[in-house]
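Residue numbers (my numbering), protein chains in the order written: chain A, 582 to 688; chain B, 1376 to 1884.
Below is one structure, written out as C-alpha cells; comments come after it.
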Amino acid sequence: MAVVAISDYKFPSKSRQELYGDDQLVHLWWKGNPYFVAASCFRFPKAMPFGDLVELCKGFFSADPDLDPTAFDSVQWVIDDKPVTPDLGASLEANGVGHKSLVQFSI
Amino acid sequence: MTVPTQKPARKLTMQQRYAALTHDLDWDPTYVAEEEIYPFTTFEGIKVHDWSKWEDPFRLTVEAYNKYQAEKDRRLYAVLDGFAQSQGQLSLTEGRYMNAMKIFLQGIPSGEYQAHRNFSHLARYFNGPGARFASLCQSMDELRHAQTEIHTLSHYNKYFGGMHDWNKMSDRVWYLSVPKSFFDDAGTAGPFEWLIAIGFSFEYLLTNLLFVPFMSGAAFNGDLPTMTFGFSAQSDESRHMTLGLEGIKFMLEQDEDNLPIVQAWLDKWFWRGYRLIALVAGMMDYMLPKRVMSWKEAFELYFEEQMLNGLFKDLEYYGIKPPRHVQWAIDEKEILSHQVYWVLYQFSHAAAFTTTIPNEEDQAWLESAYPETWPVFKSVVWDKAQRVVDSGGRYFNPGLPQLCQICQIPMGFTEPGNPLVQCQRHSIYEGERYDFCSDGCQWIFDREPEKYVQAWLPVHQIYQGNCGGPTLPDVAVWYGLEPGDAGEYIGSMDHQDWLKWHASSIKEG
Ligand SMILES: [Fe+2]
Ligand SMILES: [Fe+2]
C-alpha cells in the first residue's frame, strides 16, 4: 500500500548499501542468550573472510563471563534463517551475507 | 408589564459569548474556493459533509482560557520558588530518582513542542471553526507544557548531571530518537491522521499510562515541582482527551466510508504509542526508589479496564474494533519493563542518565510485583551482571544494537510465550532488508514502506559517520554528554554529590 500524500511520495532508503561503500551492515545475534539484550549491528567489508567474523565473535561475546570461546569452533551458523556451513576462507558476500543480514548462532 | 426593548450586551451567557467569539468569526468564502483555503482536509480520504457538527463541549473563550492558565501558572511558579528556596532537592527519596526526570526532560518537552506546532497547523487548516478553536487551545496548552516542564526541571539542572543539553540531546541521542521519530511520523501525516495519532491514540488511549506514573512517582519521591506541574497540566489533559474523542466520533459520524481509514490509523497509532511508552514501563518499575504501582498494574487499570472494557465498548457502536495488535501488548505486560530496563542498563554508558542493579529492597518489590517473571530475569541476567560487579567490573554491551526500523528501540523484545528469545521480524522492500521488533512494527512498515525507509536510525547514522566520528567518545561529544552524565549510578558524580550533601546535613543537624 502506498503512502497517502499530497504529492508524489518517493524517497531513497536512509540506510541503503551504497552509503557504506565497500562495506555493509551485518547483525550478529546470539540467539537464546538475553545477556546481550539485542542482536548487535556491525559495519563490515563485504570482502571480509567469514573466519574473521568468527574470530571477532570470540572476543566480542566474551563480554558474557560464561562464554567459552572454543564453542565457536562448532556452532551451527544461521544466515537470514538458513542454517549454513560457512566457508571460513571465503568472503561474507560469497557466504551469502548481505546488507543488514542476520547472522545467528546458539551456544 | 413593561418589556425592555433591548437586552444589554453584557448579559450574554457564556455559551452565547463562545458562539460570538468563535463560530461567528467564521464565514463562507465567496471569491476563493473552500479547497484553496483548506487544502489539506481531503487528500487523506476522510469525507466530511457538515463541519458544524463538530461539538466542542468546553466552550472556552480566549479570555477565559488565559485567565485559567495564568492562575495555574502562578500557583506552579510559587511552588517552584518555594522548592528552590528550601533546597527541596535534598528531600528527594534518593539521588537516583532524578534519572527518571532526566529521561522526562530529554524526551518530553520537545514532544510537547512538536504537538504545539502541529495543533496550530490544525487550528489554521481545519474547515470548521469548532475544530479550529479546540486545536488552537490545545496548541497553546502544548507550548505551555513545554515551557513549564523546562522551568520545573531547570532547578535540578544546578545539582544533577544529564539535564544541561536536553534540547540537543532530544535531536541526537539514540533512545531519544524513539519519541522524536514518533512525533515526526505523526506530524508528517495529514491533519486527520494527526488527530487520531496524537489527539486520540496518545492523549486518550495511553495518556494515563504516561501521566499518572510520572506524576504519582514524583509525589512519592519528594519531587514537589514535577507533581505540581502534573496537576497544572491535568486540566488541559481532560480537554485534550475530549478533543481526541470528539475528533474520532466526528469522523465516524460524518461518513461510513471513514471507518476503515480511522480503524487503520487507530491500529497503527496504538502500537506506535504503546512502544513509545515502553520507556515509561522501565522507568516505573526500575528507576523510582519508591514505587506507586507496577507497570503491569497500571496497564491493567488504565488500559485494559478503562480503555478495552470501557471506551472500546462505546466505540463498537461505530464499528470500531480494539487495536489490531492489542493482544501482543497484553501478553507483554509481565516482561516489558524487565526488557526495557535491561536495554537501558547495558547501554547507559552512551546515555544521559545512569542505571544500577536493583538493590535488595528493589528486588523484593520486583519479586512481589512479578512473581512469575522476575525470578527468571534475575537468574538469567541480573545475577550475572552482579557477578561482574563483584569482580570489580560493570557490564556494558560492547557493541551497537540492532534497531527496529519503526519504533527505533533496540530489538530486545521477545517472542510471545518465550521471554528469552528476542523477536526478529524482517521485510524486504525494493531489494533492501528492514528489521522489526514485533508484528506490530512490521505491520506498520508494510502499510507504508516509502515513509519508513527514511528512518534516521541512530546506529546506522553512526556507521555512516554522521554522528561526530567513528568511536564512542566521538559520538558522546556529539551527543553533548559530559563527564558524570552516563554509566553506572553507584559511584557516579550524582551519587557522590548526594552522599556528600547528606553527610554534611547530618553533621550540621
Ligand atoms: Fe501536553
Ligand atoms: Fe519496533
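Beta carbons are placed, not taken as given, at the ideal position from N, Cα and C, and that holds for glycine.
None of the values given here were measured: they were computed from a predicted structure.
Check, Outcome
"Whether K639 (chain A) touches P630 (chain A) by CB criterion (8 Å)", "no"
"Segment contact flag, the segment 1590-1605 of chain B with the segment 1526-1535 of chain B, C-beta cutoff 8 Å, min 3 pairs", "yes"
"Buried or exposed (CB count within 10 angstroms, at least 16 for buried), T1468 (chain B)", "exposed"
"Three-state class that DSSP yields for E1883 (chain B) in the structure shown", "Here E1883 (chain B) scores only 49 on pLDDT, less than 50, and its place in the model should not be relied on; the value that follows carries that caveat. Correct three-state label for E1883 (chain B): helix."
"Whole-number beta carbon distance between H1491 (chain B) and S1461 (chain B), since they are thought to touch under 8 Å", "Wrong, their Cβ atoms sit about 32 Å apart, outside the cutoff."
"Residue burial classification, F1788 (chain B) (beta-carbon count within 10 angstroms, cutoff 16)", "buried"
"Cut-off 7 Å between Cβ atoms - residues of its own chain near N1633 (chain B), not counting five sequence neighbours on either side", "I1421, K1422, M1626 and L1627"
"Three-way DSSP call (helix, strand, coil) for E1790 (chain B) in this model", "strand"
"Cβ-based burial, A1395 (chain B) [other Cβ within 10 Å; buried from 16]", "exposed"
"Extent of the continuous alpha helix (DSSP H) to which P1824 (chain B) belongs", "P1824 to Y1827"
"Counted within 10 angstroms of its Cβ, other Cβ atoms place T1846 (chain B) as buried (16 or more) or exposed", "exposed"
"Anticipated Cβ contact below 8 Å, M1659 (chain B) with P1588 (chain B), distance rounded", "5 Å"
"Contact set for F623 (chain A): own chain, Cβ-Cβ below 6 Å, skip 5 residues either direction", "V607"
"Under 6 Å, CB to nearest heavy atom of ligand 2: contacting residues", "B:R1650, B:C1779, B:I1781, B:C1782, B:I1784, B:F1811, B:C1812, B:S1813 and B:C1816"
"Proximity test, Cβ basis, 8 Å: D603 (chain A) and chain B", "no"
"D1516 (chain B) CB to nearest heavy atom of ligand 1 below 7 Å", "yes"
"Three-state class that DSSP yields for K639 (chain A) in the structure shown", "helix"
"Any C-beta of chain A under 8 Å from that of Y1661 (chain B)", "no"
"Beta carbon proximity, G670 (chain A) to chain B, threshold 8 Å", "no"
"Status (buried if at least 16 other CB within 10 Å, exposed otherwise) for L669 (chain A)", "exposed"
"With 16 other Cβ atoms within 10 Å as the buried cut-off, status of R1450 (chain B)", "exposed"
"Spatial neighbours of E1883 (chain B) in its chain, beta-carbon cut-off 7 Å, leaving aside the 5 residues before and after", "Per-residue confidence for E1883 (chain B) stands at a pLDDT of 49, beneath the threshold of 50, marking its modelled position as unreliable; the derived number appears in the next sentence. Closer than 7 Å at Cβ, skipping near neighbours: no residue."
"Listed by chain order, chain A residues near P1889 (chain B) by CB distance under 7 Å", "The question about residue 1889 (chain B) has no answer here: the residues shown for chain B are numbered 1376 through 1884."
"Segment limits, beta strand (DSSP E) that includes D604 (chain A)", "D604 to W611"
"Residues bridged to V684 (chain A) (per DSSP)", "A:L609 and A:I660"
"Cβ contact (3+ pairs, closer than 8 Å) linking the segment 1438-1453 of chain B and the segment 1658-1677 of chain B", "no"
"Cβ neighbour criterion (16 or more within 10 Å) applied to K591 (chain A)", "exposed"
"T1527 (chain B) classed as buried or exposed, judged by whether at least 16 other C-beta atoms fall within 10 angstroms", "buried"
"Exposure label - K1708 (chain B); buried when at least 16 CB within 10 Å", "buried"
"Among B:R1519, B:S1766 and B:H1700, the one whose alpha carbon lies nearest that of P1791 (chain B)", "B:H1700"
"The segment 1857-1874 of chain B contacting the segment 1532-1551 of chain B, beta-carbon criterion three pairs below 8 Å", "yes"
"Simplified DSSP state of I1705 (chain B), which is helix, strand or coil", "helix"
"Near ligand 1: H1520 (chain B) beta-carbon under 7 Å from a heavy atom", "yes"
"Assumed close pair S1867 (chain B), T1729 (chain B) - CB separation to whole angstroms, cut-off 8 Å", "5 Å"
"Within 9 Å of chain A by C-beta, residues of the segment 1754-1774 of chain B in sequence order", "V1755, V1756, K1759, A1760, R1762, V1763, S1766, G1768, Y1770, F1771, N1772, P1773 and G1774"
"For K1688 (chain B) and K1671 (chain B), the rounded distance between their alpha carbons", "22 Å"
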